[in-house]
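Worksheet: one structure, shown below.
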Amino acid sequence: MTFRSFTPRSLNRRTLLGATGLAGIAATLAACGGGSGSGASDAGGGSGTVMRLALNQTETHPSFIALENFGAALEESTGGAWGIDVFPNETLGAQQETLQMASNGSVEMSIVSGTQLENLNPDFLTLNMPGAFDSIEKQMQILQDPAIVGDLFASLEESQNITVIGGFTQGERSAYSTVGPINTPADLSGQKMRVQESDLHLAMAAALGATGTPLAYGEVYTGLNSGVIDAAENNEISYFTQAHFEVAPYFSFTRHLVGTDYLIINTDTLNSMSEEDRTAFDEGWAAAVEEHTGLWIEQTEQAIADAEEGGATFNEVDTAAFAEALSALPEEFLTSESQTALWDAVRGAQG
Ligand code: GCU
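Here it is, written out as structure tokens:
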């Protein structure tokens, strides 16, 4: 199996599972009663199968809450045959690592950002493009439309043994800085901005006026605090739950992107479900998406209020200047027929 991981040229970063990382993760999985290798683990007492799900968010984040509830509902609807054990806070590693773990079966599921999947199938890049989605509402409609995303979601099964189940919103992503408020791309000049591990997002940082630096999510706080980076871009909930507001108090509403997280599952595990259990799984996931989207709206407002309380400031920007700066990216990056077909379908569905 070829597994291409993103290795930025600009940075000597931690990649894939080093020896220490592997030992730590094996110990964590062993402690929870899970085995390594493929297949799921015993619930510890019951006869059901508990799927381990790797997440890089805190226990207060909408994704953790919705996934925990998904697990409880699944256990109930399958009469205890299937459950989910969510590991938050990057306990099992950064997304680049947990993606590989879901592929080889050392965990059953993970939430990964679209940027991670872009490195396995460049068609995913289309949905990571600034301007792909006009709103969270449109995004959720499209991500639940099999005519648009069905083939894409199945595209990693043969090569990676990974099935994409569906998407959670990452909300609108905006820029924030340790230096000062941003109004136009010129304000980011000379600032090193953390981006996710994606060539598109490196180019996006340049278009926003900054110099892109790819880093794993869990390294952003320290990066901002130590001055390795001056800026980052994310949604309000991550800004607050990861405490980035403490070290980068200037949040500017560039709203340059509506981002997507995906629930991925090891395909062998998915295929081992009975038809009824698979239906229960799909229903549980649909309910989790709905809950997640509702929590998203609530928590976004709360995150802004809480970050302000903690000393952060929020400002509107010159939206037209940022739109203009980003406008060349689709032509530069959507180069294959499948990417342009997907782009047309996604844009066409939004009128
Ligand atoms: C969001 C997203 C994560 C992603 C993170 C990042 O928080 O939900 O999946 O890892 O952004 O910027 O890395």
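Going by this note's numbering, the letters in the sequence shown line up with residues 198 to 548, in that order. In this text, a Cβ means the ideal position worked out from N, Cα and C, and glycines have one as well. As the structure is a computational prediction, the values presented were derived from the model and not from experiment.
Check: residue i C-beta below 7 Å from any heavy atom of the ligand GCU
| i | result |
| --- | --- |
| Y414 | yes |
| I426 | no |
| Q292 | yes |
| S310 | yes |
| Q341 | no |
| S435 | yes |
| N422 | no |
| D396 | no |
| G456 | yes |
| Q499 | no |
| Q547 | no |
| Q393 | yes |
| Q367 | yes |
| N431 | yes |
| N316 | no |
Alpha-carbon spacing of residue i relative to residue j, whole angstroms
| i | j | result |
| --- | --- | --- |
| A270 | T375 | 42 Å |
| I262 | H489 | 8 Å |
| L314 | S395 | 10 Å |
| A402 | V392 | 7 Å |
| R249 | G290 | 13 Å |
| A509 | F437 | 10 Å |
| G311 | I461 | 11 Å |
| G231 | G406 | For G231, the pLDDT reaches just 44, beneath the cut-off of 50, and the residue's location in the model is therefore unreliable, although a value from the coordinates is still provided. G231 and G406: Cα-Cα distance of roughly 46 Å. |
| V486 | E529 | 32 Å |
| G548 | G328 | 13 Å |
| N432 | H258 | 12 Å |
| A502 | S533 | 43 Å |
| F442 | P527 | 31 Å |
| Q338 | G491 | 14 Å |
| N636 | R475 | What the structure shows of the chain is the stretch from 198 to 548, and residue 636 is not part of that stretch, so it cannot be assessed. |
| E559 | A517 | Lying before the first or after the last residue shown, residue 559 is absent from the chain, which here runs from 198 to 548. |
| N286 | E505 | 24 Å |
| S524 | W482 | 35 Å |
| D458 | S244 | 31 Å |
| H398 | A429 | 12 Å |
| A538 | G507 | 45 Å |
| R544 | A404 | 21 Å |
| V247 | D282 | 6 Å |
Residues sharing a beta bridge with residue i, DSSP
| i | result |
| --- | --- |
| I462 | M306, T360 |
| N512 | S449 |
| Y373 | A429, F448 |
| A251 | F284, S307 |
| M390 | G409, A428 |
| L454 | R370 |
| W279 | T246 |
| F365 | D458 |
Nonlocal neighbours in the same chain, by C-beta distance under 6 Å from residue i, ignoring five residues either side
| i | result |
| --- | --- |
| W540 | T323, L531 |
| S535 | D320 |
| N266 | none |
| E369 | R452, V455 |
| T410 | K389, R391, I426 |
| M298 | V304 |
| D239 | Because the pLDDT at D239 is just 43, under 50, the model does not fix this residue reliably, and the value given afterwards should be weighed accordingly. Cβ neighbours of D239 beyond the five flanking positions: none. |
Own chain, CB closer than 7 Å to residue i, minus 5 neighbours either side, in chain order
| i | result |
| --- | --- |
| E354 | T360, T464 |
| Y418 | Q439, A440, H441, V444 |
Cβ of residue i within 8 Å of any chain D Cβ
| i | result |
| --- | --- |
| A402 | Structure shown: chain D not included; a single protein chain is present. |
Residues near residue i by beta carbon distance below 8 Å, same chain, minus five either side
| i | result |
| --- | --- |
| A434 | The displayed chain sequence assigns Ile, not Ala, to residue 434. These residues qualify, in order along the chain: H258, P259, G368, W493, Q496, T497, A500. |
Sequence ranges, alpha helix (DSSP H) only - wholly within the stretch 515-542, length at least 4
516-523, 526-530
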